[in-house]
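Student: Quick one: the structure is below, questions incoming.
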Amino acid sequence: MALIYSPEALEPLPPPFEILELEPGVPVDLEIVDYRIGRITIRPRFPGAPPEKTVAAVRVYLTERSKPTFPHYYDITSQRLVAQLIPLLLGGYWRTHILRITRDIPGPKAHFSVQLIPK
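Printed below as a string of structure tokens:
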């Protein structure tokens, strides 16, 4: 079941922003300690994109092992990935699993795979 959130109905996430940007084919492991669903105004960089856009976002707070530099969180704004993550987060899988995320291609048409790795 996909959960859709209207950005207007969500609280804004406070700065600083730390947008998760993934290289195609390079997985990232996220050991999440907490999360927050909110909205962020982004400035897309792909050709033909609007100058700015407000989107639903997920902020995942991470262990220092997952992200050793401050701030210890990532803001996830890809709407495809947000739609995949919200049910996993609400279901509590982040408590018992590391989330391994892999992007397939560059650009706004990217898809993501999310694997659950037992802690």
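Residue numbers for the sequence shown follow this note's numbering, so the first one is 38 and each next one is one higher. Every residue, glycine too, gets a C-beta built ideally from N, C-alpha and C.
1) Quick check: Pro53 and Thr91, are their CB atoms within less than 8 Å of each other?
2) Could you check which residue in Gly129, Val70, Gln116, Tyr98 has the C-alpha nearest to that of Ile146?
3) Note down, in chain order, each residue of its chain lying with its Cβ closer than 7 Å to the Cβ of Arg73, except the 5 sequence neighbours on either side.
4) Classify Pro59: buried if its beta carbon has 16 or more other beta carbons within 10 angstroms, exposed otherwise.
5) Can you tell me whether Ser150 is buried or exposed, with buried defined as 16 or more other CB within 10 angstroms of its CB?
6) By Cβ distance below 8 Å, which residues in the same chain neighbour Leu99 in space, the five residues on each side in sequence not counted?
7) Return the CA-CA distance between Thr106 and Leu122, expressed in angstroms with no decimal places.
8) Please report the straight-line C-alpha distance between Leu47 and Ala93, rounded to a whole angstrom.
9) Quick one: give me the first and last residue of the beta strand (DSSP E) that Val92 is part of.
10) Could you work out which residue in Leu118, Ala86, His134 is closest to Leu57 when comparing CA atoms only?
Tutor: Let's see:
1) Within the sequence shown, the letter at position 16 stands for residue 53. Within the sequence shown, the letter at position 54 stands for residue 91. No, they are not a contact pair.
2) Within the sequence shown, numbered from 1, the residue matching residue 146 stands at position 109. A small correction: the amino acid at residue 146 is Lys; Ile does not occupy that position in the sequence shown. Of the candidates Gly129, Val70, Gln116, Tyr98, the one whose C-alpha sits nearest the C-alpha of Lys146 is Gln116.
3) Counting from 1 along the sequence shown, the entry for residue 73 is found at position 36. Cβ contact annotation for Arg73 (same chain, cutoff 7 Å, sequence separation greater than five): Leu50, Arg96, in chain order.
4) For the purposes of this step, residue 59 is identified with residue 22 of the sequence shown, where counting begins at 1. Before going on, a small fix: residue 59 reads as Leu here, not Pro. Answer is buried; the Cβ neighbour count reaches 16.
5) Translated into positions along the sequence shown, residue 150 becomes position 113. That one is exposed.
6) Counting from 1 along the sequence shown, the entry for residue 99 is found at position 62. If we look at Leu99 and ignore the five residues flanking it on each side, its Cβ neighbours are Leu67, Glu68, Ile69, Val70, His109, Tyr110, Tyr111.
7) Looking up residue 106 in the sequence shown gives position 69. Looking up residue 122 in the sequence shown gives position 85. Those two C-alpha atoms are separated by around 23 Å.
8) Working through the sequence shown from its first residue, we reach residue 47 at position 10. Working through the sequence shown from its first residue, we reach residue 93 at position 56. In this structure, the straight-line span from the alpha carbon of Leu47 to that of Ala93 is close to 7 Å.
9) Translated into positions along the sequence shown, residue 92 becomes position 55. Judged by DSSP secondary structure, Val92 falls within the beta strand (DSSP E) whose first and last residues are 90-99.
10) On the sequence shown, position 20 is the one that residue 57 refers to. Residue Leu118 holds the alpha-carbon nearest to the alpha-carbon of Leu57 among Leu118, Ala86, His134.
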